[in-house]
Amino acid sequence: MYRPTEIEPKWQQRWAEAKVAEIDVAAPGQKLYMLNMFPYPSGDLHVGHGRNYILGDALYRYFRMQGRAALNPMGWDAFGLPAENAAIKNRTHPRPWTLANIERMKKQFARWGILYDWSKEIASCEPEYYKWNQWLFLQLYKRGLAYRGTAPVNWCPQDQTVLANEQVVDGRCERCGALVEQRELSQWFFRITEYADRLDAGLDTLEHWPEKVKLMQRNWIGRSLGADVDFQVPALGGAIRIFTTRPDTIYGATFMVLAPENPAVPALIADREDRDEIEQWITGVRNQSALERQEAGKEGRFTGKTAINPFTNEEIPIWLGNFVLPQYGTGAIMSVPAHDQRDFEFAQQYGLPIRQVIKPVSGDPPVGEAFTIKDETGVAVNSGDIDGLPVPKAIERIIEIIEERGLGKGTVRYRLRDWLISRQRYWGTPIPMIYCDACGLVPVPDDQLPVTLPLDVPFTGREGNPLAKHDAFVNVPCPQCNAAAKRETDTMDTFVDSSWYFLRFVTPRDGEKIFDPALVDRWLPVDQYIGGIEHAILHLLYARFITRTIHDMGLISFEEPFTRLFNQGVITKEGYKDERGAWVSPAEVQWKDGKPYRGDELLTAEVTKMSKSRLNVVPPDELIARYGADTERVYTLFIAPPEKEAAWSDEGVVGAYRFLGRVWNMGVALSGGEAIPPDRQAGLPDLHQSIIRKMHQTIDAVTSRIERFEFN
RNA sequence: GCGAAAGUGGCGGAAUUGGCAGACGCGCUGGACUUAGGAUCCAGUGGCCCAAAGCCGUGUGGGUUCGAGUCCCACCUUUCGCACCA
């Protein structure tokens, strides 16, 4: 009889006592580094989380069976908002809540039978770890890659903090769903835009990354080739510079549009009679969220001024438009309404001229709308020197002319913006800077690191960062002049913590330096990284960026941290929503006529990602107590191809248990054991020979298949 | 709107290079064992047909091929990503 609940604890205990997964990184041998994305210690893990770790463990054990020792560490992404919110709710402190969760989750990993090298464990909330966040920040500051700047930033009114662009989804806070506001604030940034070209080019070297992730990063970086062109503005006695990806259409530029935020605007409208009205309109647009701004449709105001199109020499009107983004390009565009949908809508709205300058090679252009042709199927018309050239050639030629005539130059622009890393929250790494009235911004000297997060802080949930009210933390002498000064009270985005942790795992206890460069160069890059697709942009882009900055400090020789990336699919399960759209616990659901009800209220069933908030999680504990961890592991590996989404089924779990029971019985039978009743044992020896031969053949076939198609 | 991926039994899903469609598991049906079992074992299970023979069958419609789930064209549906980025 197969009794996993007796077998498994015995072996799990032996693995733990023998520390089977611990390795000496200094010992000679072939290196292999496997890594699962380290989790946020939120408390209980469910079977959906389990897939990530079970897949990683299956691969790790596969390598072990081939005799390859792998570095396979685990740690905790332990700073962050949920701990702080839990502390406010429970009137406690984020630290004990976090540490208790870590203990709980470690036990769950052990019970899953997952082997990690716990001697390498790190937790980002410990000073011995976040000290190096601060050191890294100061290194970036010295190199001009960390800076304090004023910019329109995303403010989440619910979480009372600013957010990175990457953390805003559909105009809402990625975490809490509140509508994000634009605020002009002075904040700390990392200059990731400095690395935009290298981050984009590096994607081509990542042969073993999913195409989907590379594409998402490429779109996020948003590399565009085009040209900067100066348009003279007589009223200003100077020029306004525009950026365009289609300089070949410049003969069709019949007006110019500036973002309301463009710095040239005040001078342009200074003498206007309707200046007050325009300024009011500008203020209105600026106060809108990105979402509201877009939903408002195309709106604009005429400045009353004109610019000279340098190719047609016509005077074209300069407008302000709510659809021109201040942060992209130069915050000014030349409008070609014949060939750009947005420009076309604007021209229609305000009765501005439309001039066709591209002709399809075959067929007629559509009437009553803009049409865009980017390839050889279009040729330039009404375009002077470039008439008759196919579009790609026309772009090349017109850039040459622009440069010859000193009107501007061919340029590359990126959509990517600098990474906003300050957060007005407590449970994070303190930013190691000091404000001195005399000396200005002063970095904390390296020998005073870490700037320790004070623990004697009350959590009331009232407005503001509790750190700012902690006098002993805030009031410090200036490291340069010793006068009374104040500490920065912002903390770092937790994505800073996770942007280099994979380097720390090699030498996690080093108190002298961030890591041992020789050993890191030997073990990194990570050979196999496993985690969810939700980090396709955020974590993976930041990690690639920070790795490059550390490379440029001369500490490591590689630029890409993860050679091979795998995104496991999510586990889904049915969840139930009431009429207001709130999730209902399955315990409250009653079934009538095959439909889910809560009392008389009809509920809607929906198969969605397994998560605590949707109340559709399956905790592993009970399942393991009944069927064993191997049952969950086999079922999880068997449910669907690992990269695909998979629906959890409680019946399917029983099937995996039966399957393992049959394997067990076969093993016992082959060893002449007790699983076969005595009255059926006649003739067994002969049967054994044929079964054993057949099994060896089958095992060989299955093993080679698994190696070739499943693991490799 | 732009980009990407995917549509195969009652269900999850196999089918590696164009070569027996539906592996394996769940569920279901029948049987064995005999009531300690959400147990175990055996057989069956795409549809039409009492059965056999046969015919039909991988979202829809065309095409290439001796041969198509797989390749080509058009369309439909779903999911995901980006979204005023000039």
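Numbering (my numbering), first residue to last: 1253 to 1964.
For every residue, glycine included, the Cβ atom is placed at its ideal position computed from N, Cα and C.
Please read all numbers here as calculations on a predicted model, not as lab measurements.
Rounded to whole angstroms, what's the CA-CA distance from residue i to residue j? Just pull it up for me.
i, j, result
"Gly-1581", "Pro-1325", "43 Å"
"Met-1468", "His-1803", "24 Å"
"Leu-1668", "Ala-1448", "7 Å"
"Ala-1339", "Asn-1868", "25 Å"
"Trp-1461", "Asp-1422", "26 Å"
"Asp-1627", "Val-1576", "25 Å"
"Ser-1750", "Trp-1440", "18 Å"
"Ala-1352", "Lys-1864", "18 Å"
"Glu-1897", "Ile-1823", "6 Å"
"Tyr-1393", "Tyr-1399", "6 Å"
"Gly-1474", "Pro-1280", "43 Å"
"Thr-1555", "Gln-1484", "15 Å"
"Thr-1413", "Lys-1464", "31 Å"
"Trp-1835", "Asn-1337", "21 Å"
"Lys-1847", "Lys-1283", "55 Å"
Does DSSP classify residue i as helix, strand or coil?
i, result
"Val-1613", "coil"
"Asp-1482", "strand"
"Ile-1271", "Note on identity: in this sequence residue 1271 is Lys, with Ile being the wrong assignment. Residue state, collapsed to three classes: coil."
"Pro-1325", "coil"
"Leu-1867", "coil"
"His-1722", "coil"
"Gln-1842", "strand"
"Met-1317", "helix"
"Met-1468", "helix"
"Asn-1337", "helix"
"Pro-1848", "strand"
"Gln-1265", "helix"
"Tyr-1285", "strand"
"Met-1357", "helix"
"His-1803", "helix"
Does the distance from the C-beta atom of residue i to that of residue j stay below 8 Å?
i, j, result
"Gly-1855", "Thr-1883", "Correcting the residue identity first, residue 1855 is Leu in this sequence and not Gly. For Leu-1855 and Thr-1883, no; Cβs fall outside 8 Å."
"Pro-1605", "Lys-1611", "no"
"Thr-1741", "Thr-1681", "no"
"Pro-1813", "Phe-1754", "yes"
"Ala-1590", "Val-1609", "yes"
"Glu-1895", "Gln-1820", "yes"
"Lys-1383", "Leu-1875", "no"
"Ala-1321", "Leu-1771", "no"
"Thr-1350", "Ala-1362", "no"
"Met-1289", "Leu-1311", "no"
"Lys-1721", "Tyr-1687", "no"
"Ile-1782", "Leu-1307", "yes"
"Arg-1527", "Ile-1534", "no"
"Trp-1472", "Leu-1793", "yes"
Counting only the same chain and skipping the five closest in sequence on each side, list residues whose C-beta sits under 7 Å from that of residue i.
i, result
"Val-1537", "Pro-1512, Arg-1545, Asn-1574"
"Ile-1568", "Ala-1505, Thr-1506, Phe-1507, Met-1508, Thr-1558, Ala-1559, Asn-1561"
"Pro-1871", "Asp-1296, His-1298"
"Ala-1375", "Gly-1327, Trp-1328, Ala-1330, Ile-1354, Tyr-1381"
"Lys-1372", "Pro-1325, Phe-1757, Pro-1760"
Out of the options, which has the shortest C-alpha to C-alpha gap to residue i?
i, options, result
"Ala-1877", "Trp-1364, Ile-1306, Arg-1266", "Trp-1364"
"Ile-1492", "Asp-1449, Phe-1754, Ala-1278, Trp-1571", "Trp-1571"
"Gly-1692", "Leu-1707, Val-1703, Ala-1736", "Ala-1736"
"Leu-1980", "Thr-1344, Ala-1892, Met-1286, Lys-1394", "With the chain running from 1253 to 1964 in the structure shown, residue 1980 is simply not present."
"Pro-1710", "Pro-1346, Pro-1684, Trp-1384, Arg-1450", "Pro-1346"
"Gln-1842", "Ala-1834, Trp-1835, Asp-1852", "Asp-1852"
"Asp-1698", "Lys-1765, Pro-1729, Glu-1463", "Lys-1765"
"Ala-1548", "Phe-1598, Tyr-1503, Phe-1554", "Phe-1598"
"Gly-1620", "Gly-1640, Gly-1636, Thr-1629, Gln-1593", "Gln-1593"
"Lys-1825", "Pro-1848, Glu-1858, Lys-1847, Phe-1797", "Glu-1858"
"Ile-1683", "Asp-1276, Leu-1672, Ala-1690", "Leu-1672"
For residue i, which residues in the same chain have their Cβ closer than 6 Å to its Cβ, ignoring the five residues on either side in sequence?
i, result
"Leu-1807", "Pro-1769"
"Leu-1936", "Interpretation of Leu-1936 is limited by its pLDDT of 38, a score under 50 that renders its predicted location unreliable; the figure taken from the coordinates is listed afterwards. Nothing meets the Cβ criterion."
"Tyr-1909", "Tyr-1879, Thr-1883"
"Ile-1638", "Ala-1632, Ala-1646, Arg-1649, Ile-1650"
Skipping 5 residues on each side, what residues in its chain have a beta carbon closer than 8 Å to that of residue i?
i, result
"Ser-1476", "Thr-1497, Val-1664, Arg-1665, Tyr-1666, Arg-1667"
"Gly-1660", "Ala-1479, Asp-1480, Val-1481, Asp-1482, Arg-1493, Ile-1654"
"Asp-1411", "Leu-1333, Cys-1425, Arg-1427, Cys-1428, Ala-1430, Arg-1677"
"Phe-1810", "Asp-1773, Leu-1776, Pro-1777, Thr-1799, His-1803"
"Ile-1259", "Gly-1880"
Taking 7 Å as the cut-off, is the C-beta of residue i nearer than that to any heavy atom in the ligand GDP?
i, result
"Thr-1413", "Here there are no bound small molecules, and the ligand GDP is not part of this structure."
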